[in-house]
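Enquirer: Here you go, one structure.
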Amino acid sequence: MALKRDSKVYCAVCDLGQRCYEGDPDCRVSRRALREEVRERYAEPGLKEMSRQAAFVEHYGYRIWDRAYETVAFAKRMGYEHLGLAFCVTVRDEAEMYHRYLEEQGFRVTSVMCKTGSIAKEELLGLADEDKVRPGGFEPMCNPVAQAKLLNEAPVDLAILMALCVGHDTVMIQHLEVPVTVLVAKDRAFDHKPIEAIRLRAAGEIPQEPAAERTPEQVAAHVAERDGTASSSAGAGRGSDGAAGGADTADEETNE
Ligand code: SF4
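For reference, each letter of the sequence shown is one residue, going 345 to 600 in this note's numbering.
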């Protein structure tokens, strides 16, 4: 496939040895004029403080602190008191654990699940019954607009996203009026570690493109799971989207 490489910014495939890291500001991307332009922005007190505290968290916890704790450390350093947790039903157990942990760390916590509002996928999204994960029953849509609205109205000092779907996270970030950080990036096939797929694909260990879509048999197996009539072999070893890899218990029990 012909590469479309006409961007003016190409750091990830840098042919200069990424020498900006060593302090060379003269490449046409990392140019001196740009340094002056951003200096003004970082002079804004709120932004400067956020960037400073992020750097302190990096310093103190480098390769020691996990991200869940780093989020706590950052929030404390910023003086945040009220945190928002926007989570997917897929990780509801972990969301409960983290909600309790944040409270134990002294924060007030507002948490909101993706299915809040219980709006059927057919109602607002125009999906047909066969487009649902498990056709033939009620399936609520993910509702990131409502999640964002509830966190804005709280209002929380920081919104923490936990395993929202690709695209639903986009909508959520579009609608949030508070600072936001991502704690967990959803990946149903790789236990929410998308970087694994990037590495394995580059190494040729998984296909460039996975199977095009679920087979009718897989859809039927997911319906049977919902209805409690699944045989022990149905859908074994697959997530709810039919991708190979670690099936998620919550996925198998719920809609997403
Ligand atoms: S700023 Fe320039 S030198 Fe640095 S990584 Fe990007 S292209 Fe390479």
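We treat Cβ as the ideally placed atom computed from N, Cα and C, and that holds for glycine.
Is A464 helix, strand or coil by DSSP?
Expert: Three-state result, A464: strand.
Enquirer: Any idea which residues DSSP pairs H426 with across the strands?
Expert: Answer is R452.
Enquirer: Using a Cβ distance threshold of 8 Å, determine whether the region 464–481 contacts the region 529–538, with at least three qualifying pairs required.
Expert: No: fewer than three Cβ pairs fall under 8 Å.
Enquirer: Let me check one thing: in DSSP terms, what residues is V524 bridge-paired to?
Expert: DSSP, once it has assigned bridges, lists A503 as partnering V524.
Enquirer: Short check: CB of P523 to CB of A503, under 9 Å?
Expert: Yes, they are a contact pair.
Enquirer: What are the start and end residues of the alpha helix (DSSP H) that includes A555?
Expert: A555 -> no alpha helix (DSSP H), and no H or E assigned at all.
Enquirer: List the DSSP bridge partners of F400.
Expert: Paired residues: none, contrary to the question.
Enquirer: In or out: A399 buried (at least 16 other Cβ within 10 Å) or exposed?
Expert: Exposed: under 16 other Cβ atoms inside 10 Å.
Enquirer: Counting pairs of beta carbons, one from the region 406–415 and one from the region 374–388, are three or more of them closer than 8 Å?
Expert: Flag = no, the region 406–415 and the region 374–388 do not touch.
Enquirer: Do A490 and V456 count as a contact pair if the criterion is CB distance below 9 Å?
Expert: Their beta carbons are under 9 Å apart, which means V456 touches A490 by this criterion.
Enquirer: A529 by DSSP, collapsed to three states: which one?
Expert: Correct three-state label for A529: strand.
Enquirer: Flag this pair as yes or no: are the beta carbons of D501 and H426 separated by less than 9 Å?
Expert: In this structure, H426 lies closer than 9 Å to D501 by Cβ.
Enquirer: Provide the residue(s) that pair with L469 in DSSP beta bridges, ordered along the chain.
Expert: Paired residue(s): none; L469 is not in a bridge.
Enquirer: Roughly how many angstroms lie between the CA atoms of C458 and A430, to the nearest whole one?
Expert: Their Cα atoms are separated by approximately 7 Å.
Enquirer: Can you find a heavy atom of the ligand SF4 that lies under 8 Å from the Cβ of V382?
Expert: Every heavy atom of the ligand SF4 is 8 Å or more from the Cβ of V382, so no.
Enquirer: List the residues that DSSP assigns as beta-bridge partners of F431.
Expert: DSSP, once it has assigned bridges, lists M457 and M506 as partnering F431.
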